[in-house]
Ligand code: CA
């Protein structure tokens with residue numbers, strides 16, 4: 110899952126990016142509204158954390174222009190907990206809203222909920238035959254038995270599971286699982302898929318030659 114953070118306070122931006130990477134998200138960052146809008150428009154993020162008070166283009170404008178073309182879930186951050194701002198944010202197409210200072214654990218839970226809702230799920234649990242995925246604890250079980258996955262393997266399984274029934278292209282996977290800090294390791298996807306099949310079953314992930322991967 111890839112998140113874009115648009116925040117002009119350097120310490121907060123760095124802290125959020127570090128915290129989200131520790132939670133195994135891929136993270137891109139932008140320090141002003143123009144850069145944020147550019148990245149949000151040109152990349153498919155799973156969610157965006159958007160500060161309201163930003164240089165160049167404020168969060169409201171970023172949201173308004175983004176909503177002309179994309180439905181990416183947006184969680185807005187503001188220094189003020191004014192009801193007026195919350196109403197304005199929600200009316201402008203924000204999906205959620207948090208006032209600073211906020212609790213990082215709550216931010217994580219809200220991001221999970223946004224990503225889940227945009228995938229059409231109402232719970233943190235995804236069932237795929239004998240395989241169950243808990244997106245809150247990031248635990249995967251098969252036939253009730255825990256299956257240890259690496260962080261990357263988990264991210265791959267979760268992304269395909271949230272898009273089950275769809276063929277996900279390799280470039281989609283690169284876009285959603287790797288961030289601007291990662292080097293592109295093009296063969297690694299095959300290695301991860303092969304390891305996942307060993308752990309969760311040979312037919313858990315189907316390869317569509319020339320198209321990509323799919324969980325049916
Ligand atoms: Ca700010």
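Numbering (my numbering), first residue to last: 110 to 325.
Beta carbons are placed, not taken as given, at the ideal position from N, Cα and C, and that holds for glycine.
Just so we're clear, the structure is a prediction, and the values are computed from it rather than from any experiment.
Residue nearest to residue i in terms of C-alpha spacing, selected from the options
i	options	result
residue 203	171, 214 and 191	171
residue 157	234, 182 and 269	182
residue 132	309, 188 and 286	286
residue 199	148, 210, 124 and 168	168
residue 209	160, 230 and 196	160
residue 306	125, 257 and 139	257
residue 267	252, 253, 246 and 254	246
residue 180	195, 151 and 194	151
Cut-off 8 Å between Cβ atoms - residues of its own chain near residue i, not counting five sequence neighbours on either side
i	result
residue 177	none
residue 211	186
residue 320	276 and 278
residue 315	322, 323, 324 and 325
residue 201	169, 172, 173 and 176
residue 317	276 and 323
Residue range of the unbroken beta strand (DSSP E) whose run includes residue i
i	result
residue 322	321-323
residue 185	183-187
Span separating the alpha-carbon of residue i from that of residue j
i	j	result
residue 141	residue 290	19 Å
residue 304	residue 153	26 Å
residue 173	residue 111	21 Å
residue 113	residue 283	15 Å
residue 278	residue 120	35 Å
residue 127	residue 213	12 Å
residue 323	residue 192	43 Å
residue 138	residue 164	14 Å
residue 226	residue 134	17 Å
residue 207	residue 229	22 Å
residue 239	residue 309	9 Å
residue 232	residue 244	9 Å
Contact set for residue i: own chain, Cβ-Cβ below 6 Å, skip 5 residues either direction
i	result
residue 155	110, 111 and 224
Whole-angstrom C-beta distance between residue j and residue i, which should lie under 8 Å
i	j	result
residue 250	residue 264	Residue 250 to residue 264, Cβ: 17 Å. No contact.
residue 235	residue 260	Contact doesn't hold; Cβ gap of about 18 Å is too wide.
residue 162	residue 188	7 Å
residue 237	residue 197	The Cβ separation is near 40 Å, so there is no contact.
residue 136	residue 129	5 Å
Extent of the continuous alpha helix (DSSP H) run through residue i
i	result
residue 277	Counting along the chain, residue 277 falls outside any alpha helix (DSSP H), and DSSP gives it neither H nor E.
residue 258	No alpha helix (DSSP H) contains residue 258, which DSSP labels as neither H nor E.
residue 218	213-227
Neighbourhood of residue i by C-beta, 7 Å cutoff - its chain only, sequence neighbours within 5 removed
i	result
residue 217	132
residue 301	261, 262 and 265
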